[in-house]
Every structure is written in structure tokens, then in C-alpha cells.
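Here's the structure, in C-alpha cells; my notes come after.
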Amino acid sequence: MKWKRSERLVDMTQFLMEHPHKLIPLTFFASLYESAKSSISEDLTIVKETFEERGRGLLVTVPGAAGGVKFIPTMTNEDVKIVAEELMEQLSKAERLLPGGYLYMTDLLGSPTLMNKVGKVFASAFASEKIDAIMTVATKGIPIAHAIARHLNVPVVVVRRDSKVTEGPTVSINYVSGSARRIQTMVLSKRSMEKGQRVLITDDFMKVGGTINGMKSLLEEFNCELAGIAVLVEAEHKGEQLVDDYLSLVKLHEVNEKSGTIALTEGNYFVKGGSLDESSINN
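Quick note on the working numbering: the sequence shown kicks off at 60 and runs consecutively.
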């Protein structure tokens with residue numbers, strides 16, 4: 060079947076967006092669409108220009124016999140601000156207040172549309188890093204981890220509070236929870252990661268950083284490297300912070316249970332995140 064250019068462009072765009080960070084040889088598209096490589100190159104130039112003009116991402120060309128193209132999802136700071144504002148608007152509702160200064164977030168974490176945006180936000184921030192896996196702790200961090208992993212095209216590693224017989228041999232550590240200062244346990248299957256992998260840690264909420272600190276300790280047990288930390292909501296804490304090098308999308312400053320007011324601002328993403336260009340992407 061002979062493909063028209065308009066048909067190729069639609070199908071090619073969808074394929075690239077469904078396979079982010081994957082190197083696709085030009086010969087693959089040439090064979091798929093039964094077209095000359097010169098025509099495919101022209102198609103990709105159109106897609107590349109559109110992606111970049113619309114702020115949807117970068118189409119990176121890798122030269123050489125083993126080269127090709129790969130789509131890198133990115134977001135402009137303006138689009139990230141829109142996501143942060145949407146999240147703050149939802150979180151500022153008084154009915155979300157929970158005892159202890161926490162917020163009810165389960166419905167937001169269960170929203171595929173919102174989580175897809177959040178995933179792209181953090182995937183964009185870490186697009187230039189070599190990342191082999193996303194790590195989180197069960198259960199509320201799982202939707203965010205999968206959303207980020209979707210845009211980075213890497214697997215998700217889920218840390219649990221107790222071992223499951225279906226996961227085989229495990230590695231467990233004890234860690235001190237940040238706010239309650241209690242000794243707790245983390246467990247991870249030995250098959251979850253390989254030595255030397257670079258791992259991005261994520262969580263939905265961080266107050267002091269005890270849970271994230273525990274996951275960092277697990278990485279050391281597996282001889283893996285920390286690639287970064289992504290936090291959806293961080294809470295302002297006047298005492299000792301166990302984690303300092305992280306990105307947050309929203310910051311919770313104050314919760315007044317009596318008046319029902321919640322003070323939120325943008326997180327440090329807009330200070331540390333930054334924008335990407337093609338030269339900063341690790342080929």
C-alpha cells in the first residue's frame with residue numbers, strides 16, 4: 060500500500076509519541092511506509108519543526124549507521140506553570156484538609172489526565188539524564204511513577220512496606236520516618252534492579268524526606284545510582300530536612316484547620332527545572 064504524505068505524517072507522529080526516548084532507524088519508517096529514505100527525512104523535518112514550534116518536544120537525530128531519530132517529550136515553563144496552577148487550584152479546597160497538616164490527594168492521583176501532565180512535567184526536567192528506572196513506594200506514589208515512566212520509556216520499581224511471596228527473594232532495610240521519627244521497614248525484590256542502574260525516585264508528598272531517604276538507602280544496597288528526585292507536593296518544614304536535592308511541582312506552606320485555609324505556591328521546579336535544547340540530550 061502506497062502511503063500519502065499526510066497519512067505518513069499522522070501515523071509517524073503517533074508512533075513517535077508512543078515510543079519516547081527510543082531510537083528509531085530511518086530504515087524502519089522507509090520499510091513501514093514503502094517510501095524512500097529521502098521522503099522519510101522530509102517527513103521527519105516537518106514533524107520536528109511542528110513539535111518544537113508547539114513546545115511538544117524534541118526530535119533528536121542520531122547520525123551514523125546505527126543512528127536514527129528519537130522523540131523527547133518536553134514542556135515549556137509556561138505549560139508547566141499551567142499544570143502547577145491547576146494542581147494548586149484543586150489542592151486549595153478546604154474539604155481536602157486532613158489531620159496533621161496533610162491533604163487528601165487520592166482523587167488527583169487517580170486522574171489519568173492530570174497524572175499524564177505531571178508525568179510529562181518531570182520527564183521533561185530529567186530528559187537529559189540517563190535514567191534506567193523510576194522508583195517509588197506503594198501505594199500513592201505509583202500513579203506518578205508510571206506517568207513519568209511512560210514519558211521516559213523506562214520501567215517502574217515499587218518499594219513495599221512488607222514482602223510478598225510472589226516477588227521472590229527480597230532486600231529489606233530499616234529507616235527513620237521523617238515526621239514521626241519511627242523506625243519503619245522497606246522491602247524490594249532482588250530482581251527489581253541491576254547493579255549500576257541510574258534511578259529516578261518519586262513520591263506524591265514530602266514533609267521531611269524520611270521515605271525518600273529510605274529509598275536512597277535501598278539504592279545503595281543494590282549498588283545503583285540516584286539520578287534525581289521528583290516530588291509532586293512538598294510541605295514547608297522548619298526543622299531538619301533529610302533530603303535537599305529534589306524537584307517539587309507545588310509547595311505547601313501552611314494549613315489552618317480552624318479557618319480551613321491552605322497556602323500553596325509553585326515548587327522549586329521553576330528554579331531548578333529549566334528548559335532543554337537538542338544539544339543537552341544524551342544520545
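Backbone N, C-alpha and C define an ideal beta-carbon position, used for all residues, glycine too.
Inset, instruction - Kindly indicate the opening and closing residues of the beta strand (DSSP E) around K310. - result: On the sequence shown, position 251 is the one that residue 310 refers to. It spans 306-315 - the beta strand (DSSP E) in which K310 sits, taken as one unbroken run.
Inset, instruction - Assign I242 to buried or exposed, taking buried as 16 or more other Cβ atoms, counted over all protein chains shown, within 10 Å of its Cβ. - result: Taking the sequence shown and counting its residues from 1, the one referred to as residue 242 is at position 183. Exposed, by the Cβ-count rule.
Inset, instruction - Could you tell me whether the segment 157-172 touches the segment 190-209, where touching means 3 or more Cβ pairs closer than 8 angstroms? - result: yes
Legend entry - Rounded straight-line distance, which links the Cα of S251 to that of L291: Numbered from 1 along the sequence shown, position 232 holds the residue referred to as residue 291. Numbered from 1 along the sequence shown, position 192 holds the residue referred to as residue 251. Computed Cα separation, rounded: 24 angstroms.
Inset, instruction - Could you check which residue in E316, D138, L277 has the C-alpha nearest to that of K254? - result: Here residue 254 is taken as the residue at index 195 of the sequence shown, counted from 1. Nearest C-alpha to K254: L277.
Legend entry - The beta strand (DSSP E) enclosing S231, as first and last residue numbers: For the purposes of this step, residue 231 is identified with residue 172 of the sequence shown, where counting begins at 1. Start and end: 229-235.
Legend entry - Cβ-based neighbour list, K61, same chain, cut-off 7 angstroms, excluding 5 preceding and 5 following: Taking the sequence shown and counting its residues from 1, the one referred to as residue 61 is at position 2. Around K61: E93.
Inset, instruction - Measure the beta-carbon distance from L146 to V309 and round it to whole angstroms, keeping in mind my assumption that it falls under 8 angstroms. - result: Here the question's residue 146 lines up with position 87 in the sequence shown. Here the question's residue 309 lines up with position 250 in the sequence shown. Right, their Cβ atoms sit about 5 angstroms apart.
Inset, instruction - Enumerate, from N- to C-terminal direction, the unbroken alpha helix (DSSP H) stretches of 4 or more residues contained entirely within the segment 72-132. - result: 85-92, 96-113
Legend entry - Between the CA atoms of G319 and L259 - distance to the nearest angstrom: Your numbering for residue 259 matches position 200 in the sequence shown. Your numbering for residue 319 matches position 260 in the sequence shown. Distance between the alpha carbons of L259 and G319: 35 angstroms.
Inset, instruction - Provide the residue(s) that pair with M245 in DSSP beta bridges, ordered along the chain. - result: Translated into positions along the sequence shown, residue 245 becomes position 186. Answer is I232.
Legend entry - Bridge partners - F264, DSSP secondary structure assignment: To locate residue 264, count along the sequence shown from 1; it is residue 205. Answer is V292.
Legend entry - Residue nearest to K331 in terms of C-alpha spacing, selected from G287, K297, T165: Walking along the sequence shown from the start, residue 331 turns up at place 272. Ranking G287, K297, T165 by Cα distance to K331 puts G287 first.
Inset, instruction - Give me the Cα-Cα distance between F110 and D102, rounded to the nearest whole angstrom. - result: Looking up residue 110 in the sequence shown gives position 51. Looking up residue 102 in the sequence shown gives position 43. Near 12 angstroms, if we compare the C-alpha coordinates of D102 and F110.
Legend entry - Same chain, Cβ closer than 6 angstroms to G159, five either side skipped, listed in chain order: What you label residue 159 is simply residue 100 of the sequence shown in a count that begins at 1. For G159, where only same-chain residues beyond five positions count, there are no Cβ hits under 6 angstroms.
Legend entry - Coarse secondary structure for E299, derived from DSSP in three states: For the purposes of this step, residue 299 is taken as the residue at position 240 of the sequence shown. E299 falls in the coil class under three-state DSSP.
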